[in-house]
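Asker: Handing you a structure now.
2 protein chains.
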Amino acid sequence: MGGARLDGRVERGNQTRQLVLGRAVHVASTEGLEGLSLGRLATELKLSKSGVFALFGSKEELQLATVRAAVAVFVDHVLTPTRAVPPGLGRVWRMCESWLSYSQRRVFSGGCFFYATIAEFDSREGKVHDALASTQTGWVTFVEETVEEARVRGELAADTDVSQLAFELIAFMELANAESVLHNNNPGYTKAARAILGRLHAVATDPSALPAAP
Amino acid sequence: MGGARLDGRVERGNQTRQLVLGRAVHVASTEGLEGLSLGRLATELKLSKSGVFALFGSKEELQLATVRAAVAVFVDHVLTPTRAVPPGLGRVWRMCESWLSYSQRRVFSGGCFFYATIAEFDSREGKVHDALASTQTGWVTFVEETVEEARVRGELAADTDVSQLAFELIAFMELANAESVLHNNNPGYTKAARAILGRLHAVATDPSALPAAP
DNA sequence: CCTACCGATCGGTAGG
DNA sequence: CCTACCGATCGGTAGG
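Protein sequence lines correspond, in order, to chains A and B.
Quick note on numbering: the working numbering labels position 138 of the first sequence as 138, and the sequence is numbered without any gaps.
Quick note on numbering: the working numbering labels position 47 of the second sequence as 1047, and the sequence is numbered without any gaps.
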């Protein structure tokens, strides 16, 4: 039937799309979203350039699809393991551990996809900037909610400034990623873990629930 | 004399070079060092493309000269005001204030030049990466030395982990820049100042020498 | 009419 | 610093 042929073509299109995006997120994490080239992706994947183009319609749509694909990877590697732990101080620490592990394992070959692409698009305008900005806001909100869960459960001091603490935790994680990618070494992760545990020990009502600083 | 004519030409060449680099540091802070284009700089400055090329010899040399020019600007706006204060806790705080002011005043139109370009080149290889990496190492060393000056003067607890504290201060400054450029707002600077003063209050032997947290 | 591609080429621009 | 070009590659589109 015609329907079966159509489904087969759509299915192949989806598979090719996933193939392209799987490559695009790694390229963008090292060379930036502007460094993505339809022709280069096509060559590397042994597809035609116009075939890749037909899948996305424009370079900007390829960039936006790449951001969405990277978000899905980030969710799998950071948010999902965090949610596997009950809300509270333990979940806050698991969140930070998962993030540092996500960066250190080079889930994206160029380190954190969002560090690279936000630095690239932060002072531009357009849909790609806006997609990255709202992704970043979503991550900050997730960190704040995770900290707030611990505070309302009485595992953090009641007067903890949740937004401030979230800012500080994110700062340590981001600099660990930046230093380790730039210098291709690991001391930044140790410093970040020490800094995070130091802040959490300072505000935890029962610090013994946390690991000692490394 | 031939020497006089040559000097005149060299002088004009130096002026044009400074003109080009003054434009290049701003372009690179917003669009990256790879986004620099000889032709675009020439058009904007009403020079010929090959004329600009002749001043630098290659795109990579233009990028390296742009990094050196940005270092000079950073020194003027951050290191020089820091050194105007006597060594100790006051100098540490002045260093952080100067950095936040340098970012917030958009001395480079795209925010901190080094945040943008290090994110761009961190996972590449070559002279530009190496120049940026050694610039970053130099900045970290300066922060550590400034903290150490305060510690040996007895203004910080004797057992302060200098390298760890420097990491934490830099993390707060970097995230303030990243957030404020991405969202084009200022709360990140307030959070960073609060975080920095919080850490300094915690290790200072005489916290009254510092401002209260904002 | 649709899709998922192909080989070839459009107008422009890159570094040199 | 200029004009005049080069080999190549960019994002995007043509007909089949």
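Glycine residues also receive a C-beta, built at the ideal position from the N, C-alpha and C atoms.
All values reported here derive from a predicted model rather than from experimental measurement.
#1: Are there 16 or more other CB atoms within 10 angstroms of the CB of residue 1060/B, so buried, or fewer, so exposed?
#2: Would you report the Cα separation of residue 1055/B and residue 1017/B, rounded to the nearest angstrom?
#3: Among the candidates 1023/B, 1192/B, 1160/B and 1072/B, whose CA atom is the shortest distance from the CA of residue 1173/B?
#4: Is it true that the CB of residue 1075/B sits closer than 9 Å to the CB of residue 1146/B?
#5: My guess is that residue 178/A and residue 89/A are in contact by the Cβ rule of under 8 Å, so how many angstroms apart are they, rounded?
#6: Along the stretch 145-160 of chain A, what residues have a CB closer than 9 Å to any CB found in chain B?
#7: Is there contact here, the stretch 1132-1144 of chain B with the stretch 1159-1166 of chain B, by at least three beta-carbon pairs under 8 Å?
#8: With 9 Å set as the bound, which would you pick, yes or no: does the beta-carbon of residue 1022/B sit closer than that to a beta-carbon of chain A?
#9: Quick one: is residue 103/A buried, meaning 16 or more other Cβ sit within 10 Å of its Cβ, or exposed?
#10: When you compare only the Cα positions, how much space is there between residue 206/A and residue 1150/B?
#11: Which of the three DSSP states is assigned to residue 204/A in this structure?
#12: Tell me, which residues are paired with residue 62/A by DSSP?
#13: Can you tell me which of 189/A, 64/A and 180/A puts its alpha carbon nearest to the alpha carbon of residue 131/A?
#14: Tell me which residue opens and which closes the alpha helix (DSSP H) that residue 42/A is part of.
#15: Please determine, among 1021/B, 1034/B, 1199/B and 1058/B, the residue with the shortest C-alpha to C-alpha distance to residue 1044/B.
#16: Mind checking if residue 16/A is an interface residue toward chain B, Cβ cutoff 9 Å exclusive?
#17: With distance defined between alpha-carbon atoms, name the residue in 181/A, 123/A and 49/A nearest to residue 1183/B.
#18: Contact defined as beta carbons within less than 8 Å: I believe residue 1188/B pairs with residue 1200/B. What is the distance between those atoms, to the nearest angstrom?
#19: So, using beta-carbon positions, are residue 113/A and residue 195/A closer together than 9 Å?
#20: Assign residue 1047/B to one of three DSSP states: helix, strand, or coil.
#21: Spell out the partners DSSP gives residue 156/A in its beta bridges.
#22: I'd like to check one pair, residue 1023/B with residue 1038/B: are the Cβ atoms closer than 9 Å?
#23: Of all the CB atoms in chain A, is at least one closer than 9 Å to the CB of residue 1074/B?
#24: Whose C-beta lies closer than 6 Å to the C-beta of residue 87/A among residues of the same chain, with five residues either side of it excluded?
#25: Quick one: give me the first and last residue of the alpha helix (DSSP H) that residue 92/A is part of.
#26: Measuring straight from C-alpha to C-alpha, what distance separates residue 120/A and residue 154/A?
#27: May I have the straight-line CA-CA distance separating residue 1115/B from residue 1062/B, to the nearest angstrom?
#28: Mind listing which residues of the stretch 1082-1115 of chain B have their C-beta closer than 8 Å to chain A's C-betas, in chain order?
#29: Secondary structure at residue 17/A, three-state DSSP: helix, strand or coil?
#30: What residues from the stretch 1182-1195 of chain B come within 7 Å of chain A, judged by C-beta to C-beta, listed N to C?
#31: Quick check: the Cα distance between residue 83/A and residue 98/A, rounded to an integer number of angstroms?
#32: Suppose you measure from the CA of residue 1169/B to the CA of residue 1057/B; what does that come to, to the nearest Å?
#33: What's the call for residue 1094/B, buried or exposed, on a 16-neighbour Cβ count within 10 Å?
#34: When you compare the CB of residue 124/A with every CB in chain B, is at least one pair closer than 9 Å?
#35: Mind checking residue 152/A: buried by the 16 CB within 10 Å criterion, or exposed?
#36: So what does DSSP say about residue 125/A, is it helix, strand or coil?
Answerer: In this structure, then:
#1: Its Cβ having fewer than 16 others within 10 Å, residue 1060/B is exposed.
#2: 7 Å
#3: 1192/B
#4: no
#5: Not confirmed; about 27 Å, so no contact.
#6: none
#7: Taking 8 Å as the limit for Cβ pairs, the verdict is that the stretch 1159-1166 of chain B does touch the stretch 1132-1144 of chain B.
#8: no
#9: buried
#10: Cα to Cα, residue 206/A sits roughly 33 Å from residue 1150/B.
#11: strand
#12: Answer by DSSP bridge pairing: none, since residue 62/A is not bridged.
#13: 64/A
#14: 38-44
#15: 1021/B
#16: It does not: the Cβ of residue 16/A has no partner Cβ on chain B nearer than 9 Å.
#17: When only C-alpha atoms are compared, the closest one is 123/A.
#18: Actually they do not touch by this definition, with Cβ atoms about 18 Å apart.
#19: Going by C-beta atoms, residue 113/A is not nearer than 9 Å to residue 195/A.
#20: Coil.
#21: Residue 156/A is bridged to 204/A.
#22: no
#23: no
#24: 149
#25: That run of the alpha helix (DSSP H) goes 89-104.
#26: Cα to Cα, residue 120/A sits roughly 40 Å from residue 154/A.
#27: The alpha-carbon atoms of residue 1115/B and residue 1062/B are separated by roughly 19 Å.
#28: 1109, 1110, 1111 and 1115
#29: helix
#30: 1182, 1183, 1191, 1194 and 1195
#31: 11 Å
#32: Approximately 39 Å between the Cα atoms of the pair.
#33: buried
#34: Closer than 9 Å to some Cβ of chain B, the Cβ of residue 124/A qualifies, so yes.
#35: exposed
#36: DSSP places residue 125/A in coil when its eight states are reduced to three.
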